[in-house]
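Chemist: Residue numbers (the numbering used here): 86 to 402. Ideal Cβ placement from N, Cα and C applies to all residues, glycine included. All figures in this text were calculated on a predicted structure; none of them were measured in a lab. Shown below is the structure under consideration.
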Ligand SMILES: [Zn+2]
């Protein structure tokens with residue numbers, strides 16, 4: 086664990102992409118799959134030759150298959166929170182898509198309750214880290230499934246759920262199809278972020294802002310549009326950037342072309358996050374090291390990003 090002079094905060098972390106290898110291995114065994122550590126790792130960690138977001142998303146197949154019971158969801162949540170506590174994080178927002186865990190008959194509501202039990206387990210174990218949970222709608226989910234997710238997020242607002250998100254293969258469905266659901270969240274005072282301009286067009290970023298998003302998941306594509314970058318500045322929108330993941334999904338062609346330094350220097354509010362600790366084989370400390378080494382960010386500049394993240398947190402800190 087590296088200590089920093091500022092609180093470490095991760096606003097963009099997917100639960101199912103961040104499970105520890107020992108936890109996944111034991112869960113696999115319970116499901117009749119005998120796997121070695123390296124077999125588990127190969128199944129859930131992206132290869133260095135990953136060419137696209139859909140390829141990256143295949144690393145979620147095994148965790149999704151294993152997290153179909155309330156007990157596994159509760160323990161998975163505890164497993165991730167414990168890792169973050171050990172890494173010295175002050176606050177993290179964990180997100181997950183309830184509709185992915187209903188294959189064996191759980192309702193979305195049961196998956197939410199199971200994850201919140203994991204958060205309570207962490208509290209009872211006296212872990213100090215603060216946690217916010219976001220529910221993800223999924224781009225390729227049915228309208229009914231996504232509506233149910235949005236309604237659950239509103240119903241559980243302030244009793245465990247901090248906000249809403251839309252995740253998945255961004256370009257598969259036009260973002261405009263989700264306008265009504267985000268409008269509903271906006272009118273319900275539920276904060277939300279949207280994966281936009283990750284591997285899709287920058288138009289999705291302005292569209293997400295027009296829905297009322299105050300944070301954008303990734304938003305790397307803003308670099309192609311002066312107008313879009315001005316909009317981010319003017320509206321003080323916070324970008325949840327995840328440098329390692331952004332290179333792996335080809336949101337940016339290489340680390341050197343990552344726009345985080347450009348965005349930061351022109352005054353766009355940026356934060357640094359992991360996206361998926363296991364899939365991307367990263368931690369927040371590794372991301373800080375990357376930013377220092379390749380973009381020459383100073384501790385003061387990283388502290389500024391941490392302040393941005395604290396102010397943009399959906400849970401009350
Ligand atoms: Zn994400």
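1. Does the distance from the CB of residue 204 to the CB of residue 237 come in under 8 Å?
2. Could you check what DSSP says for residue 102 in three-state terms: helix, strand or coil?
3. So is residue 394 buried or exposed if we call it buried at 16+ other beta carbons inside 10 Å?
4. Is residue 398 near ligand 1, with its Cβ less than 7 Å from a heavy atom?
5. Can you tell me which residues form a DSSP beta bridge with residue 217?
6. Are there three or more Cβ pairs, one per stretch, closer than 8 Å when the segment 149 to 159 is compared with the segment 112 to 124?
7. Anyone know if the C-beta pair for residue 256 and residue 285 falls short of 8 Å?
8. For residue 302 and residue 366, what's the separation of their Cα atoms in angstroms?
9. At 3 residues or longer, and completely inside the segment 137 to 186: list those beta strand (DSSP E) runs for me, N to C.
10. Three-state secondary structure (DSSP) at residue 244?
11. Beta carbon of residue 395: closer than 7 Å to some heavy atom of ligand 1?
12. For residue 109, name the three-state secondary structure that DSSP assigns.
13. Compare the C-alpha of residue 392 against each of 219, 323 and 133 and name the closest.
14. Do you know offhand how far residue 400's Cα is from residue 177's?
15. Ligand 1 and residue 54: does any heavy atom of the ligand fall closer than 7 Å to the residue's C-beta?
16. Whose C-alpha, out of 384, 361, 375 and 249, is nearest the C-alpha of residue 138?
17. Taking the alpha carbon of residue 161 as the point to measure from, which residue in 173, 186, 142 and 175 has its own alpha carbon closest?
18. Could you name the residues of the same chain whose beta carbon sits closer than 7 Å to that of residue 310, not counting the 5 residues immediately before and after it, in chain order?
19. Which residues end up in the neighbourhood of ligand 1 when you take C-beta atoms closer than 6 Å to any of its heavy atoms?
Modeler: In brief:
1. On the chain shown, residue 204 is found 119 positions in, with the first residue counted as 1. On the chain shown, residue 237 is found 152 positions in, with the first residue counted as 1. No. Outside cutoff.
2. Along the chain shown, one-based indexing puts residue 102 at 17. If DSSP states are grouped into helix, strand and coil, residue 102 belongs with the helices.
3. Start at 1 with the first residue of the chain shown, and residue 394 comes out as number 309. Flag for residue 394 reads buried.
4. Position 313 of the chain shown, counted from the start, is the residue given in the question as residue 398. Checking the Cβ of residue 398 against ligand 1 gives no.
5. Here the question's residue 217 lines up with position 132 in the chain shown. When DSSP reads this structure, residue 217 sits in a beta bridge with 178.
6. Flag = yes, the segment 149 to 159 and the segment 112 to 124 touch.
7. Position 171 of the chain shown, counted from the first residue, corresponds to residue 256. Position 200 of the chain shown, counted from the first residue, corresponds to residue 285. Yes, these two residues count as a Cβ contact at 8 Å.
8. On the chain shown, residue 302 is found 217 positions in, with the first residue counted as 1. On the chain shown, residue 366 is found 281 positions in, with the first residue counted as 1. Approximately 19 Å between the Cα atoms of the pair.
9. The segment 137 to 186 contains these whole beta strand (DSSP E) runs: 176 to 181.
10. Numbered from 1 along the chain shown, position 159 holds the residue referred to as residue 244. Residue 244 falls in the coil class under three-state DSSP.
11. As a working mapping, residue 395 is identified with position 310 in the chain shown. In this structure, residue 395 has its CB at a distance of at least 7 Å from all heavy atoms of ligand 1.
12. Walking along the chain shown from the start, residue 109 turns up at place 24. DSSP places residue 109 in helix when its eight states are reduced to three.
13. Locating residue 392 in the chain shown gives position 307, where the first residue counts as 1. The shortest C-alpha separation from residue 392 is found at 323.
14. Taking the first residue of the chain shown as position 1, residue 400 is located at position 315. Taking the first residue of the chain shown as position 1, residue 177 is located at position 92. Each residue's Cα considered, the two are about 10 Å apart.
15. This structure leaves residue 54 out entirely; the chain is present only between 86 and 402.
16. On the chain shown, position 53 is the one that residue 138 refers to. Out of 384, 361, 375 and 249, the CA that lies nearest to the CA of residue 138 is found in 361.
17. Here residue 161 is taken as the residue at index 76 of the chain shown, counted from 1. 186 is the residue among 173, 186, 142 and 175 whose C-alpha sits nearest the C-alpha of residue 161.
18. What you label residue 310 is simply residue 225 of the chain shown in a count that begins at 1. Only 287 meet the Cβ criterion.
19. Spelled out in chain order, the answer is 97, 99, 252, 280, 302 and 360.
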